[in-house]
Amino acid sequence: MNVKLRVWRQKNNETEGRFENYEAKDLNPNMSFLEMMDVVNEDLTDSGDEPIAFAHDCREGICGTCSCMIDGKPHGPEHGVATCQTYMRSFKDGDTITVEPFRAKAFPIVKDLVTDRASFDKIQQAGGFITIRTGAAPDANSIPIGKEIADLAMDAAACIGCGACVAACKNASAMLFVSAKAGQLNLLPQGKPEKDRRVLSMVAAMDEAGFGNCTNQYECSAACPKLISEEFISKLNRDFVGATVRSSFKAKPLV
Amino acid sequence: MNILNALFKTSIGKKVIMAITGLILVGFVFGHLVGNLQIFSAPEKINAYAHLLQSLGPALWAIRGFLLLTVALHIWSAVALVLENKAARGAKGYANQQTLRASYASRTMRYSGVIVLAFIIYHIMHFTTKTTHGEDFYPMAMLDGHLVPDVHSMMVFGFQQVWVSVFYLVAIALLTLHLSHGISSMFQSIGLRSRTWATCLNKLTIAVCILYFLGNAAIVGSVLSGYVKIQNPNLQVAMGELCTPDCNVCETRIAANN
Amino acid sequence: MKLDPKIPSGPLEKKWEKHIMEGKLVNPANKRKYDIIMVGSGLAGASAAATLGELGYKVKCFTFHDSPRRAHSIAAQGGINAAKNYQNDGDSVYRLFYDTIKGGDFRSREANVYRLAQVSVNIIDQCAAQGVPFAREYGGLLANRSFGGAQVSRTFYARGQTGQQLLLGAYSALSRQVGLGTVELCANEEMLEVVVIDGHAKGIITRNLNTGAITRHSAHAVVLGTGGYGNVFNLSTYARNSNVTAAWRAHRKGAAFANPCYTQIHPTCIPVSGDYQSKLTLMSESLRNDGRIWVPKKRDDKRPPHQIPEDERDYYLERKYPSFGNLAPRDISSRSAKEACDDGRGVGETGLGVYLDFSDAIKRLGADTIKERYGNLFDIYKEITDESAYDVPMRIYPAVHYTMGGLWVDYNLMSNLPGLFVMGEANFSDHGANRLGASALMQGLADGYFVLPYTIPHYLAELDRDGAPSTDDAEFVKAEEEVKARTEKLLSNKGKQSVKSFHVRLGKIMWDHCGMARTKEGLEKAIKLIPELREEYWADVRVPGEGKELNQSLENAGRVGDFLELGELMCRDALTREESCGGHFREEHQYPDGEAMRDDEKFAHVAAWEYKGEGQEPVRHTEELEYESVKFATRSYK
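Chains as they are written, first to last, in this note's numbering: chain A, 201 to 455; chain B, 2 to 259; chain C, 11 to 648.
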């Protein structure tokens, strides 16, 4: 099969970008989308041009490195997969495929299709953890956790931090990411003591990074390669309201 | 963080403002609809209701102030969110972005909101400040020996004008659309929507919206179809619809002629 | 070169405790005076950086990824072993230790492995406390499964993404320290050189992948947790960007490279489908718990699987290894698949594949149970091949998956280059010639959380507490010059062939001659071919673009350059190891039934290679493996 590509090329964050057209010929439908990009890049290298920069690593849908808006949807046309798990059989022979970087103020473009998602790390650093000293943990079975809670926490924990939620959201909101990260820890008994602090700090870090607001359209969940439910956003909202009220009225220790 | 800071400064806080003011306004529009549905009873009923509201005095102004503040906050949070969201996308938008599951209503909230606002302003001028129509439009009626505004006739009179009815219907339709996203969204924003009852909530929202629209449409429709008529005899006579033997008007006229 | 493993004296069970007691400590108030460089942010790197930061050291953590969470530890699916004996099925620290030694074909260091088994229990506690959502039973306690041929259920798991969950746990601990300011996170920074001053590792040179800026960083100790080198084969289950560069640069600066030939080939991967292939995808080994592996008995049997009657199928693992059957260890299982395919009985278009059939399991347990157990794996398979494993048998083939070899380290995880510590897959110490399933995650976290933080003070306490050396030191200047020269050389080469084309060619040489089965002739041929390819590479490689910005071709060019050197060393190591053991199988050394023939007389040692300079033959040193507690036994899985 053959396809035409319309790819965003941009030297760096300071320069203007533009779309360039390329042709990818003699493709095998069982190729992954990124393997198709590899082929295009080899051709570009052979003809003395600079290959297209795109983020990728594990190529099995778990590291969250790959991104790209493919024909207007993060990670391409399929449901619940990352770009690296998108195969050419999802496209038709002769299609023109538009490939753009994820766009958000909080994800500045590094080059071509590569964006800087360090803002996610910042949110994690603000509160995406349980404070436990190495070596200080009690026996793992000393705190039983009901299977349903554990499974729900696992649903949230499946987030691979790719940023598709931000890319798909009409408002470039990071609520699905933040809610999945906070939700996982807030659900577990181990995470309860720090719950309020965690929620307030992570939301503050999210706001500071310049992400948009959730307007409850759930595009994030539909674009998520792990299909994380918007339910966690609701939970984050609830936890945030609770944390705000509690922190405003709680008794404070004398210090 | 104190509560006001959290409400007005954080992203989630603004959504909570939006949700709570939304909830109040939903309560208001439903109360308003129930009040209006009294048009299907005798005119005295709705006139008495209107008179009761009018006679609340300072309390009325308190309620009005509260509602105005609610609307203002609702609009403020909307504007703030829209501006922030625009900025969050960054300088350069997508050349191509699909809609994956966002509903039409959710994507048109700002437009339906603005048109509904325009309608509300007109509506207040129409019935509260009484500036849109001539004096004749605002008749009075006797109620328990007092002369009170004849709201029943006012409404019927209003909706008998086809363009007014059409404008009301369009506005109500848009408000319904606005509510269809707003009601379930409210629950999400304050964290009361979950996977287990999201489907139920969505159905409930749709049912409530349909009821709301039908309730309003029934008022307009019954007037246009002539099912509900003006019952203020003074007006009926003035409009040449009524002439009874004991009619004051005629008697006065006859007396005058004599 | 002196290779002193520094194994503590005393009984096996007491060595670690004794070692901790005898080692020097760093006064809490002085800890912040020590700078530690951590290269890599996977399980080992992130957990060590977090723990050292928490202890009070000044840590800089480098990753070439945009975020520490992207390290390839994330891709491990199956699970993590720990000798918790929660299942009451007879597991113990000693049994885990013994299984690991035996699984490693008696080529690992006893004391290290025992310590690994000991701290394995703490890892689970630590991770559960961090909020890692391990699978649980209805009663709320942790669930276990039997994994990779173990006869006890000691594997903890989190759906099919145990690696991701454990890494995110370590990453959250690291993030906490970054937030507290004890660890400085340096993302998008690739280490390209180690700086050695007066025989001690004192810093590194990095290149920022986004800006091209080359920077010097000095410290009291440098720790590498940079993973394995399986991408020398080009096609592997490794992430595309996994590489040997950090370890290789350290090797060139004096750190010995131990047992480079030990390569684990994972038996259950999705077969190669075409030339364009960039990556092989692993299907968790847990599939072998219920799937049955077979090939047609007849050669070149092109009938679809359901048309091949039962008596014309060869369930070769069940036939050859009746007691372990389809759960035979990875190396045996892989080699048997290769044998079947070499015999012309492979399936699929390329003939390089065997069936992994679930039809019996579906009959016995029902499709729902199978879906519950393996649903996500079946989905992955469907996604890649467009075939449903519920209806037709999966096709699988072995692929390079893990490298047991790595930089030589002593009991303290310090290489022979003082001040350079190596953890996780990047070192050689714990898995011998073959790694057991679900043990990689265990080792990464053991090293990072519970070993290095105890051993590094022993080294630091011996140093002056003066600041780390100035980055203006002549050695730093020299190292930076080397990096710049190398980068410049690649960019200005203006050859004709792409970096990728060389990588593909190197991979083919390695797979053909240093893959699942190796021969003297093949290895000698490879030792001739690789230097030729290397020469061609430096003469004719084309690296487009500039050095002052993100340039993925340039990144790969540096890495492939190092693979071209490593590949040769692997072949040399495989050639000199005249025996078959674990992940190293020499066709000359096998029993008549095709089983690997170890030579404990001559080869019960670690081979550690010393770099002698470009164009010079490396020198092989040995560290004898002394077994105090276990006796050599032939691995038998029959």
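Glycine is no exception: its CB is placed at the ideal position from the N, C-alpha and C atoms.
In this text the structure is predicted, and so the values were computed from the model without any measurement.
With a cutoff of 7 Å on beta-carbon distance, threonine 444/A and isoleucine 4/B are scored as near each other. Glycine 412/A does not reach chain C, its nearest Cβ partner there being about 21 Å away, counting only Cβ pairs nearer than 9 Å. Taking 4 residues as the shortest admissible run, the stretch 163-233 of chain C contains the following complete alpha helix (DSSP H) segments, listed from N- to C-terminal end: 172-190. Annotation note: the stretch 19-74 of chain C contains the following uninterrupted beta strand (DSSP E) runs of length 3 or greater, listed N- to C-terminal: 45-49, 68-72. Counting along the chain, phenylalanine 431/C sits inside the beta strand (DSSP E) bounded by residues 430-432. Taking 9 Å as the upper bound on Cβ-Cβ separation, chain C lies near residues Leu227, Asn228, Pro229, Asn230, Met231, Ser232, Leu234, Glu235, Met236, Asp238, Val239, Asn241, Glu242 of the stretch 222-243 of chain A. A residue is called buried when at least 16 other Cβ atoms come within 10 angstroms of its Cβ; arginine 309/C does not meet this threshold and is exposed. Close CB contacts of alanine 443/C within its chain, under the 7 Å cut and outside five residues either way in sequence, are with Gly114, Asp115, Arg117, Tyr272, Met414, Cys591, Gly592, Gly593, His594 (chain order). Per the DSSP secondary-structure output, aspartate 324/C pairs in a beta bridge with Val305/C. Taking all protein chains shown into account, histidine 256/A has 16 or more neighbouring C-beta atoms within 10 Å of its C-beta and is therefore buried. Within the stretch 411-433 of chain A, contact with chain C at the beta-carbon level (separation under 7 Å) is assigned to no residue.
Here asparagine 37/C is exposed. Its C-beta has fewer than 16 other C-beta atoms within 10 Å. With respect to chain A, the C-beta atom of glutamate 85/B has a partner C-beta closer than 7 Å. Taking 7 Å as the cut-off, the beta carbon of glycine 458/C is found no closer than this to the beta carbon of threonine 497/C. Residues of chain C whose Cβ lies closer than 7 Å to the Cβ of isoleucine 297/A do not exist; the shortest such Cβ separation is about 17 Å. Assigned with DSSP and collapsed to three states, isoleucine 47/B falls in helix. Among the bridge pairs identified by DSSP, arginine 209/A is matched with Arg218/A. Remark: C-beta atoms of isoleucine 215/C and glutamate 578/C do not approach each other more closely than 7 Å.
Across the stretch 591-625 of chain C, no CB contact with chain A closer than 7 Å is found for any residue. Sequence-distant partners of leucine 539/C (beyond 5 residues in either direction) whose C-beta falls short of 6 Å from its own C-beta, in its chain, are Ile519.
Fewer than three pairs of CB atoms, one per stretch, sit closer than 8 Å, so the stretch 384-398 of chain C makes no contact with the stretch 202-222 of chain C.
Within chain A, the residues placing a beta-carbon under 8 Å from that of glutamate 559/C are Lys211, Asn212, Lys311, ordered along the chain. Uninterrupted alpha helix (DSSP H) stretches at least 4 residues long and entirely within the stretch 482-532 of chain C occur at 484-502, 509-524, given in chain order. Residue environment for tryptophan 619/C: buried (at least 16 other C-beta atoms within 10 angstroms of its C-beta). In the DSSP assignment, asparagine 437/C is bridged to Leu417/C. With a 10 Å radius around the Cβ and a threshold of 16 neighbouring Cβ atoms, glutamine 55/B comes out exposed.
In its chain, beyond the 5 residues on either side, Gly33, Lys34, Asn422 have a beta carbon closer than 8 Å to the beta carbon of histidine 468/C. Using a Cβ-Cβ cut-off of 7 Å, lysine 347/A counts as an interface residue toward chain C, since at least one Cβ of chain C sits closer than that to its own.
With a cutoff of 7 Å on beta-carbon distance, cysteine 424/A and cysteine 369/A are scored as not near each other. Cα atoms of alanine 96/B and glutamine 187/C: separation of roughly 40 Å, rounded to the nearest angstrom. Assignment of alanine 218/B by DSSP, reduced to helix, strand and coil, places it in the helix class. Remark: three or more beta-carbon pairs, one from each stretch, lie closer than 8 Å, so the stretch 197-207 of chain C and the stretch 475-489 of chain C are flagged as touching. Residues of the stretch 344-373 of chain A with a C-beta atom less than 9 Å from some C-beta of chain B are Val366, Ala367, Ala368, Cys369, Lys370, Asn371, Ala372, Ser373, listed in chain order. Neighbours of asparagine 3/B in chain A, taken as residues at a C-beta separation under 9 Å, are given in chain order as Thr444, Ser447, Ser448.
Sequence-distant partners of tyrosine 418/A (beyond 5 residues in either direction) whose C-beta falls short of 7 Å from its own C-beta, in its chain, are Glu430.
Remark: C-beta atoms of leucine 470/C and tyrosine 44/C approach each other more closely than 7 Å.
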